[in-house]
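Residue numbers for the sequence shown follow our numbering, beginning at 48 and rising by one. For glycine and all other residues, C-beta sits at the position ideal for the given N, C-alpha and C. This one's a predicted model, so the numbers in the text were calculated from it and none came from an experiment.
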Amino acid sequence: MKQLLSVLYAPADYIHPQRFKSLGSPQGTAQQQLLNSHLLAHFGLCSDLPTAATSVLMRTLVSNWRHLRTAATLLGCKLGRADFVRSGQLASLSLMQQRYLGLPIIAPQIALPDQGCVQTRAQALGASYLLLFVPQLPNALAQRLPLLFAPEQLNIAMPSGLEPNYTLLNFAIDYAKTNYS
48 MKQLLSVLYA PADYIHPQRF KSLGSPQGTA QQQLLNSHLL AHFGLCSDLP
98 TAATSVLMRT LVSNWRHLRT AATLLGCKLG RADFVRSGQL ASLSLMQQRY
148 LGLPIIAPQI ALPDQGCVQT RAQALGASYL LLFVPQLPNA LAQRLPLLFA
198 PEQLNIAMPS GLEPNYTLLN FAIDYAKTNY S
């Protein structure tokens with residue numbers, strides 16, 4: 048419950064720096080609360096606690112919120128593997144990302160975005176893939192998931208008919224927790 052409350056009421060703890068430029072780190076609890084209140088209002092974030100029984104997906108995302116950026120990058124590496132191989136950029140990935148690609152996980156292959164460094168392109172692809180899960184989330188979490196990423200990272204069109212794969216998401220989150228903590 049504490050993690051859910053943190054995700055709902057403390058967006059300053061996780062919002063991507065390109066989404067909100069602060070004037071430095073808030074000093075003290077009062078300033079932190081003021082900043083969070085401002086962010087909730089600025090982005091029009093609903094702060095209602097989900098009333099329905101929490102889904103496995105919701106519990107997974109909330110309990111691993113701080114790992115979702117890394118998991119998105121891993122997802123992007125896996126989804127864009129064919130492009131990395133074709134373009135000869137596989138060696139540009141970190142050793143951990145290369146090891147993740149070596150795991151026997153079946154994933155659809157999706158074209159990487161054209162611009163940005165390898166890491167940015169992988170994270171953008173993974174972030175856009177994560178958004179496929181948004182319809183399954185309560186409104187409060189659906190509003191907050193995109194805030195983890197830069198706005199331009201969420202503009203990649205996914206192939207029509209592509210369904211979000213919970214197992215693929217779990218593998219990425221577990222790998223992120225184990226290898227990047």
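How is the alpha helix (DSSP H) around residue i delimited, first residue to last?
{"i": "residue 212", "result": "Where residue 212 is concerned, there is no enclosing alpha helix (DSSP H), given that its DSSP letter is neither H nor E."}
{"i": "residue 105", "result": "103-110"}
{"i": "residue 85", "result": "76-89"}
{"i": "residue 181", "result": "Careful: residue 181 lies outside any alpha helix (DSSP H) and carries neither H nor E."}
Is the distance from the Cβ of residue i to the Cβ of residue j below 8 Å?
{"i": "residue 160", "j": "residue 203", "result": "yes"}
{"i": "residue 90", "j": "residue 179", "result": "no"}
{"i": "residue 86", "j": "residue 59", "result": "yes"}
{"i": "residue 135", "j": "residue 171", "result": "no"}
{"i": "residue 157", "j": "residue 126", "result": "yes"}
{"i": "residue 76", "j": "residue 223", "result": "no"}
{"i": "residue 188", "j": "residue 108", "result": "yes"}
{"i": "residue 92", "j": "residue 190", "result": "yes"}
{"i": "residue 50", "j": "residue 139", "result": "no"}
{"i": "residue 105", "j": "residue 198", "result": "no"}
{"i": "residue 218", "j": "residue 63", "result": "no"}
Since I believe residue j is in contact with residue i (beta carbons under 8 Å), could you give me their beta-carbon distance rounded to a whole number of angstroms?
{"i": "residue 173", "j": "residue 209", "result": "Incorrect: roughly 13 Å between the Cβ atoms, too far for contact."}
{"i": "residue 237", "j": "residue 83", "result": "Missing from the structure shown is residue 237; the chain here goes from 48 to 228 and no further."}
{"i": "residue 143", "j": "residue 176", "result": "Not really, about 19 Å apart at Cβ, beyond 8 Å."}
{"i": "residue 154", "j": "residue 215", "result": "6 Å"}
{"i": "residue 181", "j": "residue 112", "result": "Rounded, the Cβ-Cβ distance is 15 Å, inconsistent with contact."}
Helix, strand or coil: which one does DSSP assign to residue i?
{"i": "residue 311", "result": "This structure does not reach residue 311, given that the chain is present from 48 up to 228, and the question cannot be answered."}
{"i": "residue 127", "result": "coil"}
{"i": "residue 206", "result": "coil"}
{"i": "residue 221", "result": "helix"}
{"i": "residue 143", "result": "helix"}
{"i": "residue 68", "result": "coil"}
{"i": "residue 198", "result": "helix"}
{"i": "residue 51", "result": "helix"}
{"i": "residue 156", "result": "coil"}
{"i": "residue 190", "result": "helix"}
{"i": "residue 149", "result": "helix"}
{"i": "residue 170", "result": "helix"}
{"i": "residue 63", "result": "coil"}
{"i": "residue 94", "result": "coil"}
Does any heavy atom of the ligand MG sit closer than 7 Å to the C-beta of residue i?
{"i": "residue 215", "result": "What this structure holds is no ligand at all, so the ligand MG is not there to describe."}
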